[in-house]
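Before any comments, here is the structure.
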Amino acid sequence: MKFRTLAIHSGNHPLEHQGAVMTPIYQTSTFAFRGVNRPGPFEYSRSANPTRQVLETCLASLEGGTAGFAFATGMAAETTVLMMFEAGDTVLVHNDLYGGTHRLFERVLRGKGITARYVDLRAAGDAAFTPDVKAVWIESPTNPLMNLVDLEAVAAMAHRHGAIAICDNTFLTPYFQRPLDLGVDVVVHSTTKYINGHSDVVGGAVVVKNPALAEKIGFLQNAMGTCAGPQDCFLVLRGIKTLAVRMEEHNRNALEIARWLSGHPQVAAVLHPGLETHPQHALARKQMRGYGGTFSFRLTGGQDAVFRMLDNVRLFTVAESLGGVESLIEHPVTMTHASLPAEVLERMGITPDLIRISVGIEDLEDLLADLDAALAMV
52 MKFRTLAIHS GNHPLEHQGA VMTPIYQTST FAFRGVNRPG PFEYSRSANP
102 TRQVLETCLA SLEGGTAGFA FATGMAAETT VLMMFEAGDT VLVHNDLYGG
152 THRLFERVLR GKGITARYVD LRAAGDAAFT PDVKAVWIES PTNPLMNLVD
202 LEAVAAMAHR HGAIAICDNT FLTPYFQRPL DLGVDVVVHS TTKYINGHSD
252 VVGGAVVVKN PALAEKIGFL QNAMGTCAGP QDCFLVLRGI KTLAVRMEEH
302 NRNALEIARW LSGHPQVAAV LHPGLETHPQ HALARKQMRG YGGTFSFRLT
352 GGQDAVFRML DNVRLFTVAE SLGGVESLIE HPVTMTHASL PAEVLERMGI
402 TPDLIRISVG IEDLEDLLAD LDAALAMV
């Protein structure tokens, strides 16, 4: 079946749920045994739950994997994956990434002996893979600078050195990019974002192809208790059914707005891989089917101009997160990446003049009018 069909039907078999067309919410903590030493297909909702199982099956189908796992948050998904490693292990991390992931590596895992070594994966070669490197952590596109990593090349390089490749695919979803098809071993998502798409739930996901990795992650999910609850799984399942149509609208609106901003006198740069001016536009066309709805741009007037613009938007909502049907706008330095030290922000290139927007599916003319009015106040 094709993507749009899978998004609606994968994992959902009404006759297994009393004929319910929509997967019910199995709001129960435990399940009755059929007799002594005769458990049914489900025993305890931390280990498995019918609502969660349908979502996990659907996620695996969409990413082209064999096993999916749904988590309470995106950070719970990341933490569970990283618990596969031990003290003394090193993870190569692309040096431009989400602030929460950086915080996890630096303020939690480093104290446990798991080291993150930051490199530019756009240029790193085999020499970066020393014997202690067990994995490479990729965001592509990166948050918020929209840099791309050649997934196929980096995954192949990792495998040559006995490491695995992990990719955060939150920005594009499997509709626009399927890292497992390019050799990546583990795909991570914040399902809070585009996969759910309605800003009403937090969640995470992991998808793999390799059975050994699936066994490890499944064990850790159960042992650590990081799984998603049935209500949240139901909401994500409901959102995922419209993923394809939403992503098309996000993509179309965002690309048009990026082109419009490129010609605005108050805008110093637009960071969008769909623009021919993006230094990795050719790579984007190679490994992505679309560009998503989130991107960043810089204002000529610096942080003062950014604050004036954010104070004057009316349709765009000043808020963290992304991927909902409504348009959001934020200042990474003081919002999503505020947990990073100033020297790290500077090294990454996340500067005070930077704005990140998540373009929703509202009417394009209304979105442009709102940005135009806000920029006029700058």
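The sequence shown begins at 52 in the numbering used here and counts up one residue at a time.
Where is the CB? At the ideal position from N, CA and C, for every residue including glycine.
Note that the coordinates shown come from a computational prediction; the quantities given were computed from them, not determined experimentally.
Taking C-beta separations shorter than 7 Å and ignoring five residues to either side along the sequence, the partners of A279 in its chain run R103, A121, F122, A123 and G254, following chain order. Assignment of beta-bridge partners to F346 by DSSP yields I408. Per DSSP, the beta-bridge partners of A320 are R349.
When V258, L391 and E307 are compared, the shortest CA-CA separation from R154 is found for L391.
The residues V321, H323, G325, L326, F346 and F348, in chain order, have a CB closer than 8 Å to that of A309 in the same chain once the five nearest residues on each side in sequence are set aside. Going by C-alpha positions, P383 is about 10 Å away from A370. Sorting L233, E300 and L373 by C-alpha distance to the C-alpha of E413 places E300 at the top. Residues F180 of the same chain have their beta carbon placed closer than 6 Å to that of H212, with the five preceding and five following residues left out of the count.
In this structure, M360 is the residue among H388, N88 and M360 with its C-alpha nearest to the C-alpha of D423. Here D171 is exposed. Its C-beta has fewer than 16 other C-beta atoms within 10 Å. Taking C-beta atoms under 8 Å as the contact rule, L231 and K260 qualify, at a distance of about 5 Å.
The residues T351, in chain order, have a CB closer than 8 Å to that of P316 in the same chain once the five nearest residues on each side in sequence are set aside.
Judged by pairs of C-beta atoms under 8 Å, the region 274–290 touches the region 127–139, as three or more such pairs exist. Shown here, Y77 sits in coil according to DSSP, grouped into three states, outside any helix or strand.
Contact check for E377 and R407: beta-carbon distance about 15 Å, past the 8 Å limit, so the pair fails to qualify.
Counting of Cβ neighbours within 10 angstroms places Y95 among the exposed residues, the total staying below 16. In this structure, the alpha-carbon of A178 lies about 17 Å from that of T166. Here T141 is actually not in contact with R173; their C-beta atoms are around 19 Å apart, not less than 8 Å. In the DSSP annotation of this structure, the continuous segment of the beta strand (DSSP E) that includes S241 starts and ends at V237 to S241.
Per DSSP, A256 is one residue of the beta strand (DSSP E) stretching across G255 to V259. In this structure, the beta-carbon distance from D147 to L113 does not fall below 7 Å. Residue L379 holds the alpha-carbon nearest to the alpha-carbon of T368 among L379, I59, R229 and G374.
In the structure shown, L326 falls within a coil segment according to DSSP collapsed to helix, strand and coil.
The residue from V205, I246 and H388 with its alpha-carbon nearest to that of N220 is I246. By DSSP's assignment, A216 forms a beta bridge with V187. Assignment of beta-bridge partners to C278 by DSSP yields F122. DSSP places H301 in the uninterrupted alpha helix (DSSP H) bounded by L294 to S313. Straight-line spacing of the CA atoms in C284 and P65 works out to 17 Å. In the structure shown, Y149 falls within a coil segment according to DSSP collapsed to helix, strand and coil.
DSSP places E413 outside both helix and strand once states are collapsed to three, so it counts as coil. Boundaries of the alpha helix (DSSP H) harbouring A333: H332 to Q338, taken from the DSSP string. In this structure the region 234–244 touches the region 202–209; the number of beta carbon pairs closer than 8 Å is three or more.
Following the DSSP letters along the chain, one finds R168 inside the beta strand (DSSP E) bounded by residues T166 to V170. Contact between I217 and V239 holds, with the beta-carbon distance rounding to 6 Å and staying under 8 Å. If you compare the alpha carbons of T243, L306, I215 and F227 with that of A263, the shortest gap goes to I215.
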